[in-house]
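Student:
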Amino acid sequence: MLRVFVQAFRTPDLRQKLLFMLGIIVLFRLGSNLPTPNVDVEAVQICSDQALEEEGFGLYGLLNLFTGGALLNLAIFALGIIPYITSAIIFQLLTVVIPKLETLKKEGPSGQAQITQYTRYLTIGLALLQATTLVTLAESGQFFPGCPQEIVADNSVGSLALMVLVMTSGTALVMWMGELISDRGVGNGMSLLIFTQIVASVPGMFWNIQLTRGWGIFALVLAVALVVVALIVYVELSQRRIPVQYAKRMVGRRMYGGSSTYIPLKINQAGVIPVIFASSLLYVPMLWAQFNQESAWAAWVAEHFQRGDHPIYLAFYFLLIVGFAFFYVSITFNPKDVSDNMKRYGGFVPGIRAGRPTEEYLTYILNRITSAGAIYLGLVALLPLMAFNIINPGMGMAFSNTFGGTSILIMVGVGLQTVQQIEGQLQQRNYEGFLK
Amino acid sequence: MTLVLSILLVITSVLLLVLILMHKGKGGGLSDMFGGGMTASVGGSSVAERNLDRLTVAVGLVWFACIVALGLIL
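So the sequences go chain by chain: W and V. According to this note's numbering, the first sequence is numbered sequentially starting from 28. According to this note's numbering, the second sequence is numbered sequentially starting from 27.
(1) In chain order, which continuous runs of the alpha helix (DSSP H) of length 4 or greater are located wholly inside the segment 49-113 of chain W?
(2) Based on DSSP bridge pairs, tell me the residues matched to W:Pro270.
(3) Taking 8 angstroms as the cut-off, does the CB of W:Gln444 come closer than this to any heavy atom belonging to the ligand COA?
(4) Using a Cβ-Cβ cut-off of less than 8 angstroms, list which residues of the segment 191-217 of chain W approach chain V; keep chain order.
(5) For W:Asn65, I'd like the list of residues in its chain whose CB is within less than 7 angstroms of its CB, leaving aside the five on either flank, ordered along the chain.
(6) Who are the neighbours of W:Pro270 on chain V, taking C-beta pairs under 7 angstroms?
(7) Name the DSSP bridge partner or partners of W:Val278?
(8) Could you name the residues of the same chain whose beta carbon sits closer than 8 angstroms to that of V:Ala95, not counting the 5 residues immediately before and after it, in chain order?
(9) Under a three-way DSSP split, which group does W:Gly212 fall into?
(10) Can you pull the chain W neighbours of V:Leu43, defined as C-beta to C-beta under 8 angstroms?
(11) Please report the residue range of the alpha helix (DSSP H) in which W:Val179 lies.
(12) Within 10 Å of its beta-carbon, does W:Gln454 have 16 or more other beta-carbons around it, so buried, or fewer, so exposed?
(13) Which of the three DSSP states is assigned to W:Phe171 in this structure?
(14) Report back the beta-carbon spacing between W:Ile108 and W:Met202 to the nearest angstrom; my notes put them in contact at under 8 angstroms.
(15) Relative to the C-alpha of W:Leu49, which candidate in W:Ser307, W:Ala35, W:Leu98 and W:Gly212 has its C-alpha closest?
(16) Taking all protein chains shown into account, do 16 or more other C-beta atoms lie within 10 angstroms of the C-beta of W:Arg37, making it buried, or fewer, making it exposed?
(17) Buried or exposed for W:Leu92, please, with buried defined as at least 16 other CB atoms from any protein chain shown within 10 angstroms of its CB.
(18) To the nearest angstrom, report how far apart W:Gln72 and W:Ala158 are at their CA atoms.
(19) State yes or no: is the beta carbon of W:Thr94 nearer than 9 angstroms to at least one beta carbon in chain V?
(20) Would you mind reading off the limits of the alpha helix (DSSP H) that contains V:Met48?
(21) Could you compute how far the alpha carbon of W:Asp210 sits from the alpha carbon of W:Ser183?
(22) Please list, in chain order, the chain W residues whose beta carbon lies closer than 7 angstroms to that of V:Ser39.
(23) Mind checking which residues open and close the alpha helix (DSSP H) that includes W:Ser357?
(24) Quick check: the Cα distance between W:Ser357 and W:Val255, rounded to an integer number of angstroms?
(25) Taking a Cβ distance cut-off of 7 angstroms, strictly less, list which residues of the segment 123-146 of chain W are near chain V, in chain order.
(26) Say whether the segment 45-64 of chain W touches the segment 139-147 of chain W, bearing in mind that this needs 3 or more beta-carbon pairs closer than 8 angstroms, one atom from each stretch.
(27) Mind the definition here: the segment 297-307 of chain W touches the segment 350-365 of chain W only if three or more C-beta pairs lie below 8 angstroms; say whether that holds.
(28) Which residues in the same chain have their Cβ closer than 6 angstroms to the Cβ of W:Glu129, if we skip the five residues on either side of it in sequence?
(29) Going by beta-carbon coordinates alone, are W:Leu258 and W:Met194 separated by less than 9 angstroms?
(30) Let me know the secondary structure DSSP gives W:Gly135 once reduced to three states.
(31) Determine, using beta carbons only, whether V:Val94 comes closer than 9 angstroms to chain W.
(32) Look up W:Gly378 in the DSSP assignment and say whether it is helix, strand or coil.
(33) Quick check on the DSSP output: the alpha helix (DSSP H) that includes V:Leu87 runs from which residue to which?
(34) Does the beta carbon of V:Val88 sit closer than 9 angstroms to a beta carbon anywhere in chain W?
(35) To the nearest angstrom, how far is it from the Cα of V:Ile46 to the Cα of W:Pro110?
(36) Buried or exposed for V:Trp89, please, with buried defined as at least 16 other CB atoms from any protein chain shown within 10 angstroms of its CB.
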């Protein structure tokens with residue numbers, strides 16, 4: 028592990044990529060701590076400290092974690108990448124529904140680029156909407172219920188509009204940073220940015236436990252977290268290998284093929300994306316409830332969703348994760364394409380005929396593996412949360428969110444992915460070295 | 027002073043939004059998670075693209091400076 032990093036920094040090409048990524052992350056963190064103009068920093072500080080200690084900050088808490096505390100600080104990057112994720116989900120779901128988008132998607136890379144472009148436009152729209160909500164709530168004092176401080180310095184329409192504008196362009200900037208990382212850095216920009224934000228809040232939370240609960244509980248939580256991490260790494264790396272045999276063929280005077288390989292099917296083919304999607308989607312009802320607070324619907328949402336440990340909320344969360352896992356796998360792995368490709372190059376799975384039977388076989392295996400993977404994802408996301416609530420109720424939602432499965436899953440998943448990508452790039456460069 | 031900075035901030039914010047939207051979402055973000063890694067960045071960026079990058083960074087810096095300055099005044 029360490030050797031990989033040392034080698035990575037010795038490779039000039041990779042070093043540049045890593046440094047670029049780190050630079051962007053530093054900028055991103057800086058922006059996440061820089062308050063929006065017209066916000067009374069001290070008042071916000073008092074209120075957010077109070078809010079973090081209180082119960083009932085459930086979904087906001089998770090959202091706050093995803094933005095690395097930027098949301099509660101009303102920073103310029105308060106919205107983080109959440110608008111982008113929401114808009115990406117919306118477009119992915121729409122491609123199934125709207126025929127025009129589907130044809131665009133089938134067009135290949137150019138159509139995909141067009142969809143990405145639409146996604147970016149929608150991101151700005153959503154950012155504008157959410158920033159407006161946020162600023163309105165902050166201005167009317169509902170953002171921190173029960174905190175008497177005035178957190179907005181100047182209540183005039185112009186100043187408020189300025190805040191909205193700054194937050195919106197901040198979100199656009201975050202989006203661009205993510206794209207830059209994907210383009211010129213290592214790994215996937217969006218997931219790395221979420222990773223950064225979660226990792227940024229974890230040490231503080233750990234220390235907080237030690238301060239408030241003493242060393243005993245601290246050690247217990249640390250041990251549980253380590254075990255969960257080990258389990259997650261184990262499952263993330265496990266895969267089912269489907270053997271593939273290639274027929275020998277003669278091209279001219281040379282013999283090709285005849286090798287046997289395998290198709291690796293990961294148990295958790297979807298990675299962390301279902302978890303990210305599910306948690307961002309669960310935020311939507313909250314957002315909606317903010318607009319009309321008096322309705323019965325809003326009261327229902329507040330009662331069942333805000334706390335983050337209500338059974339209905341947990342059930343919804345689980346179902347969404349399972350659903351998204353299947354959805355995402357169906358997008359990334361197409362059994363028909365795979366079996367067609369195998370057929371073209373003379374490959375077959377031993378004991379199964381090429382073409383349609385192979386496709387059916389692959390689908391069958393994929394469905395079964397994904398069922399296990401999806402249930403695993405859902406359980407890991409929920410179990411630590413429930414366990415902590417049973418062992419020690421009243422730990423505070425901020426706590427459960429940090430050490431709940433969601434954040435650990437994202438941290439481990441994205442970390443693993445990134446290290447694997449770095450390793451892959453290293454192999455590209457040092458291949459001769461391995462052969463010697 | 028606050029007024030001048032605010033006006034400058036409004037202008038740079040809008041500019042920043044427009045400039046970022048002008049970028050091609052190069053295999054950007056989630057859709058490349060979705061595409062399954064088929065978006066290999068073909069070739070380097072064009073001259074226009076590089077200029078756009080520079081312009082965006084410049085505007086971003088002014089935007090940042092404005093926010094910091096406003097924060098210090100308040």
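Glycine included, C-beta positions come from ideal geometry on N, C-alpha and C. In this text the structure is predicted, and so the values were computed from the model without any measurement.
Tutor: Short version:
(1) Along the length of the segment 49-113 of chain W, whole alpha helix (DSSP H) runs at least 4 residues long occupy 68-80, 85-93 and 97-100, reported in chain order.
(2) According to DSSP, residue pairing for W:Pro270 in a beta bridge involves W:Tyr289.
(3) This structure simply doesn't include the ligand COA, nor any ligand for that matter.
(4) Residues of the segment 191-217 of chain W whose Cβ lies closer than 8 angstroms to any Cβ of chain V, in chain order: Leu192, Val193, Thr195, Ser196, Ala199, Leu200, Met202, Trp203, Gly205, Glu206, Ser209, Asp210, Asn215, Gly216 and Met217.
(5) Excluding sequence positions up to five before and after W:Asn65, its CB lies within less than 7 angstroms of the CB of Val179, Ala180, Asp181, Ser186, Leu189 and Met190, all in the same chain and listed in chain order.
(6) Per Cβ cutoff of 7 angstroms: no residues; W:Pro270 is ~23 angstroms from chain V at best.
(7) DSSP lists W:Arg281 as partners of W:Val278.
(8) Cβ neighbours of V:Ala95 within its own chain (closer than 8 angstroms, five residues either side excluded): Leu31.
(9) In the three-state scheme derived from DSSP, where H, G and I count as helix and E and B as strand, W:Gly212 is classed as coil.
(10) The contacting residues are Ile151, Thr195, Ser196 and Ala199.
(11) W:Val179 -> no alpha helix (DSSP H), and no H or E assigned at all.
(12) By the beta-carbon neighbour count (other beta carbons within 10 angstroms, threshold 16), W:Gln454 is exposed.
(13) W:Phe171: coil per DSSP, three-state reduction.
(14) The C-beta distance from W:Ile108 to W:Met202 rounds to 7 angstroms, short enough to fall under 8 angstroms.
(15) Ranking W:Ser307, W:Ala35, W:Leu98 and W:Gly212 by Cα distance to W:Leu49 puts W:Gly212 first.
(16) Under this definition W:Arg37 is an exposed residue.
(17) Buried, because 16 or more other Cβ atoms sit within 10 Å of the Cβ of W:Leu92.
(18) For W:Gln72 and W:Ala158, the distance between alpha carbons rounds to 19 angstroms.
(19) So, not an interface residue.
(20) Judged by DSSP secondary structure, V:Met48 falls within the alpha helix (DSSP H) whose first and last residues are Thr28 to Met48.
(21) W:Asp210 and W:Ser183: Cα-Cα distance of roughly 41 angstroms.
(22) Residues of chain W passing the Cβ test: Leu192, Val193 and Ser196.
(23) DSSP places W:Ser357 inside the alpha helix (DSSP H), whose first and last residues are Pro338 to Thr359.
(24) In a straight line, the C-alpha of W:Ser357 is about 28 angstroms away from that of W:Val255.
(25) Listed in sequence order: Pro136, Gln139, Ala140, Ile142, Thr143, Gln144 and Thr146.
(26) Short answer: they don't touch.
(27) Result yes; three or more Cβ-Cβ pairs closer than 8 angstroms.
(28) Scanning its chain for C-beta atoms nearer than 6 angstroms, with the 5 sequence neighbours on each side dropped, one finds around W:Glu129 the residues Thr122, in chain order.
(29) Result no, Cβ atoms of W:Leu258 and W:Met194 do not sit closer than 9 angstroms.
(30) For W:Gly135, the secondary structure class from DSSP, reduced to helix, strand or coil, is coil.
(31) Yes, V:Val94 counts as interfacial toward chain W.
(32) In the structure shown, W:Gly378 sits in coil (DSSP, three-state: anything other than H, G, I, E or B).
(33) From DSSP, the alpha helix (DSSP H) with V:Leu87 extends over Val73 to Ile99.
(34) With 9 angstroms as the cut-off, V:Val88 does not count as an interface residue toward chain W.
(35) Distance between the alpha carbons of V:Ile46 and W:Pro110: 15 angstroms.
(36) The residue is buried, with at least 16 neighbouring Cβ atoms inside 10 Å.
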